[in-house]
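Numbering (our numbering), first residue to last: 17 to 149.
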Amino acid sequence: MHEIASSDYSPEQLDAWAPSDLDPALWASRVQGIQPFVALLGDEIVGYADVQLNGYIDHFFVSGAHPRQGIGTRLMARIHEEARLLGLSELTSDVSMTAEPFFALHGFKVVERRFPVRRGVTLRNALMRKALD
Ligand SMILES: CC(C)(COP(=O)(O)OP(=O)(O)OC[C@H]1O[C@@H](n2cnc3c(N)ncnc32)[C@H](O)[C@@H]1OP(=O)(O)O)[C@@H](O)C(=O)NCCC(=O)NCCS
């Protein structure tokens with residue numbers, strides 16, 4: 017993530033967003049809690065993303081070692097399939113500047129630009145929404 021987002025955020029912002037001293041057990045329990053889909057390349061996990069019952073996408077990440085190979089698009093297609101199964105009317109997410117063009121390409125529109133503060137550092141992201149048929 018640090019590799020991919022480094023052109024949009026300063027090192028200070030990246031460390032506040034994804035701290036290198038983050039407790040791996042805490043992170044694992046958070047990721048487990050959102051029950052994500054994972055993208056596999058062979059037996060390696062190269063991305064993951066979730067969709068909650070209210071249509072909120074909490075996490076959406078593709079490995080910095082495999083950018084622009086269609087992995088994000090496959091995860092997004094799986095989220096849309098799940099949304100159809102759940103009968104959801106919309107998808108929403110708080111999207112980083114790095115991921116904004118990707119979400120826009122998949123039909124999401126910016127609802128509000130936000131400046132969340134993490135560990136005392138101001139970041140920038142956008143609440144994005146896509147209405148589903
Ligand atoms: C944004 C992200 C999910 C894209 O994943 P990906 O697997 O590289 O995406 P894809 O290969 O499916 O890209 C499909 C298209 O989206 C667009 N796109 C993807 N990444 C882009 C970027 N960084 N800038 C501009 N357009 C981008 C392109 O049009 C791309 O098609 P192309 O490669 O033929 O030009 C990934 O870069 C990522 O995880 N970023 C960091 C984490 C992050 O910010 N997560 C969001 C938190 S909500």
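A virtual CB, placed ideally from N, CA and C, is assigned to each residue, including glycine.
Item                                                                                              : Value
Straight-line Cα distance separating residue 75 from residue 139                                  : 16 Å
Strand pairing of residue 45, partner residues [DSSP]                                             : DSSP, once it has assigned bridges, lists no residue as partnering residue 45.
Cβ-based burial, residue 104 [other Cβ within 10 Å; buried from 16]                               : buried
Closest residue to residue 101 among 78, 60, 68 (Cα-Cα distance)                                  : 68
Own chain residues within Cβ distance below 6 Å of residue 128, not counting five before or after : 143
Cα-Cα separation between residue 120 and residue 38, rounded to whole angstroms                   : 30 Å
Endpoints, alpha helix (DSSP H) assigned at residue 61                                            : Element bounds for residue 61: not the alpha helix (DSSP H) but the beta strand (DSSP E), 60 to 65.
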